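**Q** Sequences listed follow chains A and B, in order.
If you read the first sequence in our numbering, its first letter stands for residue 38, the second for the next number, and so on.
If you read the second sequence in our numbering, its first letter stands for residue 310, the second for the next number, and so on.
Quick reminder that beta carbons are idealized off the backbone N, C-alpha and C, glycines included.
These figures come from a predicted structure and were not determined experimentally.
Take this structure, written in structure tokens, and hold onto it; I'll ask about it next.
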Amino acid sequence: MKRAALLALLAAGCHSSPSVPEDAYRPLDAPAHLGAGPGGGLLDQLTFAVVGDTRPANVDDTANYPAPIVSQIFSDVAADPAQPRFAVTTGDYMFASVTGGQVDPQLDAYLGARAAYTGVVYPAMGNHECNGYTDSNCGPNGKDNEPANYTEFVTRMIEPLGEVRPYYVERFAATDGSWSAKFIFIAANAWDNTQAAWLDNVLAEPSTYTFVVRHEPPDADTAPAVGPTTLTLAKYPLTMLLCGHTHTYQHVPAYREILVGNGGAPLTGSVNYGFVIVQRQTDGTLQVTSKDYQSLQPIDQFVVNPDGTVH
Amino acid sequence: MARCTSFLIVLAACQGSSKLDAVRQGPAPHTRIQLDGELDEPAWNAVAVRGVFLGDDGGQARPYSELRILRDETHLYVALYAADQNIQSSDAFDVTVGALHAHLTAGGTATPATVRVAVDRDGTLDDPHDEDEEWVVESAMPLDELGPAPIAIKAERCDVVKTGQRRCGRWVGTIDPKIMPVIQ
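Listed below in structure tokens is the structure:
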């Protein structure tokens, strides 16, 4: 709460406020500002959308990229009555071989479709932003090195947010100081000891709500970070784990997880393409609504407490 | 993208529930198809007939399935993609290609024996506790067993999803191998 009050002062233009406590911001994050932006921001309402996965069925098949579905979903998000202040995406924006020259054409298709929503979008890295295999590990310390899938994802989707690594944290607070929220984006396919230490640090920061965005769900345990981060997450408060990877929508209360993988990639279950809206209620609980992208009717709706338990 | 737009779409042999059938005719890439379940030869994206399965409601089938078809001098290559949360060895496509009826399973078996098959799976076989993603069956069918052109094709897949529902999708169309690019 102390940090939230400080942020409220900053928002009010109080230039005589004390220096920012060391535990409030990390070097990679920009100072808070009104509205969602680099590093997070001050918000009048905690309302956001979740979208993912968004890749074609076959490798390098850019001609059949699901851009029309992705575009419709982001149009739906833009028009949603809840007016999401930002969106998070759960990974897998391409299905491109590391040498086939289709990484940028597929990112062109994705980002063009995503532009139907003009708000800030914070992306998580998926296994297809490495070499496509669930057990792949990219980055400077990864066994699979830094193919174009990885470097172009970082360059075109992460760096515009002011970040330089595929894992990062965004910090939000209410303009009236009534709540704070951190969104921790794990790069489960760019896992190393540096990210592990970083994750412990950011999870230790106190906040009203803690959201962790990790592409692979707990069951996809061949991804390098799933096992280690599941153990780490268990040590700290968690409001919600936002995952993708499986191409459907599911609510898994046992893991405090919602799986949002029905963003255009070939559907594995009976649920249609769609998206999720999370909206803070006046009592501090969060209403989660999964919506069909065509009918806009709820596929599922439930309410969770800040500690992640179902209300 | 550019490589595909250079091909002239000459056939839309659409019947029944198919809607995306087309042959992109142009120079066939010189890539012999390797039966490994991986559709990574350029011909699969560049010149194959492609069809997306439709469900009983007329919309895209859920779970998603699609079919791709190529030919060389002696065989018709039929690739089938199945998105699947829970891959079972008995999960299968039933494909009728002219006079030939084939049963192709996620476990890697095929009938009749003259149909050669390879399967690639992203997930675990016969383990319902985890989340699987997809499987692809790549098959080769002798052209001389299919009967005269044009060849009617019906492909169907039914799957029991994790909620217990049995859901089916299918693709129906006609191809004429005589006007398909011949993979060298």
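Please confirm whether R479 (chain B) has its beta-carbon closer than 9 Å to some beta-carbon of chain A.
**A** With 9 Å as the cut-off, R479 (chain B) does not count as an interface residue toward chain A.
**Q** Can you name, in chain order, every residue of its own chain whose Cβ lies under 7 Å from the Cβ of I484 (chain B), other than the five neighbours on each side?
**A** Hits under 7 Å: A322, V358, I378, P459, I460, I462.
**Q** What are the residues in the segment 90 to 110 of chain A lying within 7 Å of chain B by C-beta distance?
**A** Answer set for the segment 90 to 110 of chain A: A94, N95, V96, D97, D98, T99, A100.
**Q** Quick check on L307 (chain A) - is its C-beta less than 9 Å from some C-beta in chain B?
**A** Here the sequence assigns Ser to residue 307 (chain A), which means Leu is not the residue at that position. Yes, S307 (chain A) lies at the interface with chain B (some Cβ there is under 9 Å from its Cβ).
**Q** Looking at R371 (chain B): is its Cβ nearer than 9 Å to the Cβ of L304 (chain A)?
**A** Yes.
**Q** Which chain A residues are close to Q544 (chain B), counting only those with a beta carbon under 8 Å from its beta carbon?
**A** Here chain B has residues from 310 to 493 only, and residue 544 (chain B) is not among them.
**Q** Can you list the alpha helix (DSSP H) stretches of 4 or more residues lying completely in the segment 342 to 386 of chain B, in chain order?
**A** Fully enclosed alpha helix (DSSP H) runs of 4 or longer: 351 to 355.
**Q** Can you check DSSP and say which residues form a bridge with W444 (chain B)?
**A** The partner list for W444 (chain B) (beta bridge, DSSP) reads B:A391, B:R430.
**Q** Starting from the beta carbon of A392 (chain B), find every residue of chain A whose beta carbon is closer than 7 Å, and list them in chain order.
**A** The answer, in chain order, is H284, P303, L304, T305.
**Q** Going by Cα to Cα distance, which pick from A:V87, A:G300, A:A224 is closest to Y187 (chain A)?
**A** Checked all of A:V87, A:G300, A:A224; the closest Cα to Y187 (chain A) is A:A224.
**Q** Beta-carbon within less than 7 Å of G89 (chain A)'s beta-carbon, same chain only, minus the 5 sequence neighbours each way: which residues are those?
**A** The answer, listed in chain order, is T126, T127, G128, D129, G281, V297, G298, G300.
**Q** Helix or strand or just coil, what does DSSP make of R293 (chain A)?
**A** Three-state DSSP puts R293 (chain A) in coil, outside helix and strand.
**Q** Using 8 Å for Cβ pairs, my map puts R476 (chain B) next to S173 (chain A). What's the rounded Cβ distance?
**A** Actually they are not in contact, since the Cβ atoms of R476 (chain B) and S173 (chain A) sit about 31 Å apart, beyond 8 Å.
**Q** Evaluate K180 (chain A) with the Cβ neighbour count: other Cβ atoms within 10 Å of its Cβ, from every protein chain shown; 16 or more gives buried, anything less gives exposed.
**A** Label assigned to K180 (chain A): exposed.
**Q** Near D381 (chain B), which residues of its chain fall below 8 Å by C-beta distance, leaving aside the five closest residues on each side in sequence?
**A** If we look at D381 (chain B) and ignore the five residues flanking it on each side, its Cβ neighbours are R341, I342, V491, I492, Q493.
**Q** Check each candidate in A:G77, A:H348, A:D117, A:G345 and name the one with the smallest Cα separation from A210 (chain A).
**A** Nearest of A:G77, A:H348, A:D117, A:G345 to A210 (chain A), Cα basis: A:G77.
**Q** Between T127 (chain A) and chain B, is there a C-beta pair that is closer than 9 Å?
**A** Taking Cβ atoms only, chain B never reaches closer than 9 Å to T127 (chain A), which makes this a no.
**Q** DSSP on W235 (chain A), reduced to helix/strand/coil?
**A** The answer is helix: DSSP assigns W235 (chain A) an H, G or I state.
**Q** Going by C-alpha distance, which of B:L363, B:D393, B:D365, B:Y386 is nearest E440 (chain B)?
**A** For the residues B:L363, B:D393, B:D365, B:Y386, the minimum Cα distance to E440 (chain B) belongs to B:D393.
**Q** How far does the beta strand (DSSP E) with I221 (chain A) in it extend, from its first residue to its last?
**A** Element bounds for I221 (chain A): 217 to 223.
**Q** Quickly, what does DSSP pair F85 (chain A) with across the bridge? List them, please.
**A** BP columns for F85 (chain A) point to A:F123, A:V315.
**Q** Beta-carbon within less than 6 Å of T420 (chain B)'s beta-carbon, same chain only, minus the 5 sequence neighbours each way: which residues are those?
**A** The residues are H412.
**Q** If the cut is a Cβ gap below 7 Å, which residues of chain A does P372 (chain B) touch?
**A** Within chain A, the residues near P372 (chain B) are L304, T305, G306.
**Q** Below 7 Å between beta carbons is the criterion; list the residues of the segment 240 to 260 of chain A that meet it against any residue of chain B, in chain order.
**A** Going along the segment 240 to 260 of chain A in chain order, one finds P254, D256, A257 with a Cβ nearer than 7 Å to chain B.
**Q** Is the beta carbon of P261 (chain A) sitting closer than 9 Å to the one on L278 (chain A)?
**A** Contact flag unset, no.
**Q** Output the distance between the C-alpha atoms of A94 (chain A) and A104 (chain A), rounded to the nearest integer angstrom.
**A** Cα to Cα, A94 (chain A) sits roughly 13 Å from A104 (chain A).
**Q** Does K272 (chain A) pass the burial test, meaning 16 or more other C-beta atoms within 10 Å, or should it be called exposed?
**A** It counts as exposed.
**Q** Starting from A73 (chain A), trace the beta strand (DSSP E) both ways and give me its first and last residue.
**A** Counting along the chain, A73 (chain A) falls outside any beta strand (DSSP E), and DSSP gives it neither H nor E.
**Q** Would you mind telling me which residues of chain B sit closer than 9 Å to S134 (chain A), beta carbon to beta carbon, in chain order?
**A** Under the 9 Å cutoff, chain B gives D349.
**Q** Just by C-beta distance, which residues in the segment 418 to 451 of chain B are closer than 8 Å to chain A?
**A** Within the segment 418 to 451 of chain B, the residues whose Cβ lies closer than 8 Å to some Cβ of chain A are D431, H438, D439, E440, D441, E442, E443, listed in chain order.
**Q** Can you grab the Cα-Cα spacing for the pair V206 (chain A) / D344 (chain A), in whole Å?
**A** Rounded to whole angstroms, V206 (chain A) to D344 (chain A) spans 19 Å at the Cα level.
**Q** Which runs of the alpha helix (DSSP H) at least 4 residues long sit entirely within the segment 169 to 217 of chain A? Give them in chain order.
**A** For the segment 169 to 217 of chain A, whole alpha helix (DSSP H) runs of length 4 or above, ordered along the chain, are 185 to 190.
**Q** Since Q331 (chain A) is in the beta strand (DSSP E), which residue starts that stretch and which ends it?
**A** No beta strand (DSSP E) holds Q331 (chain A); DSSP gives it neither H nor E.
**Q** Would you mind working out which of A:Q109, A:D98, A:V250 sits nearest G137 (chain A), comparing C-alpha positions?
**A** Answer by Cα proximity: A:D98.
**Q** Is H252 (chain A) closer than 9 Å to N164 (chain A) when the C-beta atoms are compared?
**A** The answer is yes: Cβ separation under 9 Å.
**Q** Using the Cα positions of P75 (chain A) and V481 (chain B), report the straight-line distance between them to the nearest angstrom.
**A** If I take the Cα positions, the gap works out to 50 Å.
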